[in-house]
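Line by line, the protein sequences give chains U and P.
So the first sequence is numbered by the numbering used here: it starts at 198 and just counts up by one.
So the second sequence is numbered by the numbering used here: it starts at 40 and just counts up by one.
Below: the structure, in structure tokens.
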Amino acid sequence: MRTLILVAHPEVANSPTQQFLKASLPGSAELMWHDLSASVGPDGRFQREAELALVRNAERLVLQFPFYWYSAPFILKQWQEQTFTGEVEQYHDLAGKELVVVLSLGQAETTYQAGASERFSLSELLRPYQAFAEKLGWRYLPPLVIGQFSYLAEAEKQQLLIQYQQLLTLPQPASFSERGIWLAQYLRTLRLTDPQQQQQLALVATQLQEQVAEYQDLQEQLREIRAGERD
Amino acid sequence: MDEQWLQQTLAELSSKMPQYQDRALLAATQIYVTELAQRLTNGQGELDGRIWNHEQW
């Protein structure tokens, strides 16, 4: 999966969230980390052809940004307007891509719903990005939302790291089984100095894969029985 | 080899991993294994329940 990560943040180097995500990138996948603030020219403009070439080459685009006044930092709007100029028809050859937002929030995600302090849901507030994707014939995927990164416990950060890697590399939306097979595959890439431990790790990956296969069989049987039931 | 063996082995291997990314992968696998075991139990229970559904006899 060729994934282009468009990072829209005025100070990526000073953002713990962005630095964490950058350090989380899996080494083996076809990923490109594209820091928009570092890519804009000294004249304040993007090189349109170069940006379009990056988009053309990607199968999935990630818009990654903190939420400022219910939108992305200005640099993303600037990139959109300077890259996608003129009539939308000229971008028909780009149809079929996927777009996903990776959003960091200063508040808890639960505050973004009717009745809570932010009052509006993220699905409502992110609508312009969904509309942008749909206008271009791209599939809009459910966003990955990171609420109050600095308050996350260590175990939550580890979980986020894997969620992010799976978002970047797996067909989406990924099923429970697909996520399990992904874990087994990635476990097999780890290297330990002790051969006995390496063997144990291989056994863990095999066991996991077998249990996922058992789960898939069980689900298939259940589907058949449910389909055959008459009420 | 069951869930307990998997959990124990994953925890032991995690302490041998110097890289943060690798420990995160093992931690995520532990969480996954817990959920997988629960789903297998639930699925097996549902299968038994549906097979023994007297209304379908």
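From the three backbone atoms N, C-alpha and C, an ideal C-beta is built for every residue, glycine too.
Nothing here was measured: the structure is a model prediction, and the numbers come from that model.
DSSP-derived helix/strand/coil call for threonine 386 of chain U: For this step, residue 386 of chain U is matched to residue 189 along the first sequence. In this structure, threonine 386 of chain U counts as coil in the three-state DSSP scheme.
State the start and end residues of the unbroken beta strand (DSSP E) segment that holds glutamate 295 of chain U. Position 98 of the first sequence, counting from 1, holds the residue named residue 295 of chain U. Residue range 295-302 is occupied by the beta strand (DSSP E) that includes glutamate 295 of chain U.
Between U/Arg324, U/Arg199, U/Glu278, U/Val401, which has its C-alpha nearest arginine 242 of chain U's C-alpha? As a working mapping, residue 242 of chain U is identified with position 45 in the first sequence. When each option's Cα is compared against that of arginine 242 of chain U, the closest is U/Glu278.
Within its chain, find whatever has a CB closer than 8 angstroms to the CB of valine 285 of chain U; leave out the 5 residues flanking it on each side and keep chain order. Locating residue 285 of chain U in the first sequence gives position 88, counting from the first residue. These residues qualify, in order along the chain: Lys332, Leu333.
Considering only the beta carbon of each residue, do proline 263 of chain U and leucine 300 of chain U sit closer than 9 angstroms? In the first sequence, the residue the question calls residue 263 of chain U occupies position 66. In the first sequence, the residue the question calls residue 300 of chain U occupies position 103. With contacts defined as CB atoms closer than 9 angstroms, proline 263 of chain U and leucine 300 of chain U qualify as a contacting pair.
Name the chain P residues whose beta carbon is nearer than 8 angstroms to that of arginine 376 of chain U? Position 179 of the first sequence, counted from the start, is the residue given in the question as residue 376 of chain U. For arginine 376 of chain U, the neighbours in chain P by C-beta distance under 8 angstroms run, in chain order, Tyr71.
One or two residues paired with tyrosine 337 of chain U in a DSSP bridge: By one-based count along the first sequence, residue 337 of chain U stands at place 140. In the DSSP output, where bridge partners are listed per residue, tyrosine 337 of chain U has U/Leu296.
At a CB-CB cut-off below 8 angstroms, which residues of chain U make contact with aspartate 61 of chain P? Residue mapping note: residue 61 of chain P aligns to position 22 of the second sequence, counting from 1. Against chain U, a Cβ distance below 8 angstroms from aspartate 61 of chain P picks out Leu387.
With a 10 Å radius around its C-beta and 16 neighbouring C-beta atoms as the bar for buried, classify isoleucine 359 of chain U as buried or exposed. What you label residue 359 of chain U is simply residue 162 of the first sequence in a count that begins at 1. Taking all protein chains shown into account, isoleucine 359 of chain U has 16 or more neighbouring C-beta atoms within 10 Å of its C-beta and is therefore buried.
Length of the line joining the Cα atoms of alanine 352 of chain U and alanine 66 of chain P: In the first sequence, counting from the first residue as 1, residue 352 of chain U sits at position 155. In the second sequence, counting from the first residue as 1, residue 66 of chain P sits at position 27. Going by the C-alpha atoms only, they are around 8 angstroms apart.
CA-CA distance, leucine 365 of chain U and leucine 228 of chain U? To locate residue 365 of chain U, count along the first sequence from 1; it is residue 168. To locate residue 228 of chain U, count along the first sequence from 1; it is residue 31. Cα-Cα distance, rounded: 8 angstroms.
Candidates U/Leu260, U/Met198, U/Gly425, of which the one nearest proline 325 of chain U by Cα: Walking along the first sequence from the start, residue 325 of chain U turns up at place 128. Ranked by Cα distance from proline 325 of chain U, the first of U/Leu260, U/Met198, U/Gly425 is U/Leu260.
Per DSSP, what kind of secondary structure is histidine 231 of chain U in: helix, strand or coil? To locate residue 231 of chain U, count along the first sequence from 1; it is residue 34. Histidine 231 of chain U: strand per DSSP, three-state reduction.
Using a Cβ-Cβ cutoff of less than 6 angstroms, which residues in the same chain neighbour glutamine 169 of chain U once the five nearest sequence positions on both sides are dropped? An answer regarding residue 169 of chain U cannot be provided, because it is not within the stretch 198 to 428 covered by chain U.
For serine 234 of chain U, tell me which candidate among U/Ser221, U/Arg257, U/Gln310, U/Ala210 has the shortest Cα-Cα distance. For the purposes of this step, residue 234 of chain U is taken as residue 37 along the first sequence, with counting starting at 1. For serine 234 of chain U, the closest of U/Ser221, U/Arg257, U/Gln310, U/Ala210 by C-alpha to C-alpha distance is U/Ala210.
Do you know whose CA, among U/Ala424, U/Thr280, U/Val401, U/Gln418, lies nearest tryptophan 44 of chain P's CA? Here residue 44 of chain P corresponds to residue number 5 of the second sequence, with the count starting at 1. If we check each option's Cα against that of tryptophan 44 of chain P, U/Val401 comes out closest.
Could one say the Cβ of aspartate 232 of chain U lies closer than 9 angstroms to chain P's Cβ atoms, at least one of them? Stepping through the first sequence from its first residue, residue 232 of chain U is reached at position 35. Output row for aspartate 232 of chain U: interface = no.
Taking C-beta pairs closer than 8 angstroms, name the residues in chain P that glutamine 216 of chain U reaches, listed in chain order. Taking the first residue of the first sequence as 1, we reach residue 216 of chain U at position 19. Taking a Cβ-Cβ threshold of 8 angstroms, none of the residues of chain P is close to glutamine 216 of chain U; the smallest such distance is about 13 angstroms.
Asparagine 92 of chain P and glutamate 426 of chain U: beta carbons closer than 9 angstroms? Translated into the one-based positions of the second sequence, residue 92 of chain P becomes position 53. Translated into the one-based positions of the first sequence, residue 426 of chain U becomes position 229. Between asparagine 92 of chain P and glutamate 426 of chain U, the CB-CB gap stays under 9 angstroms.
Nearest-angstrom Cα separation, counted from aspartate 240 of chain U out to threonine 73 of chain P: Position 34 of the second sequence, counted from the first residue, corresponds to residue 73 of chain P. Position 43 of the first sequence, counted from the first residue, corresponds to residue 240 of chain U. Using only the alpha carbons, I get a separation of about 54 angstroms.
First and last residue of the uninterrupted alpha helix (DSSP H) at valine 423 of chain U: The sequence position of residue 423 of chain U within the first sequence is 226, counting from 1. The question names valine, but residue 423 of chain U is arginine in the sequence shown. Start and end: 392-425.
Three or more beta-carbon pairs under 8 angstroms between the region 402-415 of chain U and the region 77-90 of chain P, yes or no? A contact exists between the region 402-415 of chain U and the region 77-90 of chain P.
Does DSSP classify threonine 282 of chain U as helix, strand or coil? Position 85 of the first sequence, counted from the start, is the residue given in the question as residue 282 of chain U. Judged by DSSP in its simplified three-state form, threonine 282 of chain U adopts coil rather than helix or strand.
Enumerate in chain order the residues of its own chain whose CB-to-CB distance from tyrosine 267 of chain U is below 6 angstroms, with the five nearest sequence positions on each side excluded. Numbered from its first residue, the first sequence carries residue 267 of chain U at position 70. Only Leu322 meet the Cβ criterion.
Check this for me: beta carbons of glutamate 51 of chain P and leucine 75 of chain P, under 9 angstroms apart or not? Within the second sequence, the letter at position 12 stands for residue 51 of chain P. Within the second sequence, the letter at position 36 stands for residue 75 of chain P. No, the pair does not count as a contact, with Cβ atoms beyond the cut-off.
Using the beta-carbon of each residue, which ones in chain P are nearer than 9 angstroms to leucine 405 of chain U? As a working mapping, residue 405 of chain U is identified with position 208 in the first sequence. Under the 9 angstroms cutoff, chain P gives Leu45, Thr68, Tyr71, Val72, Leu75.
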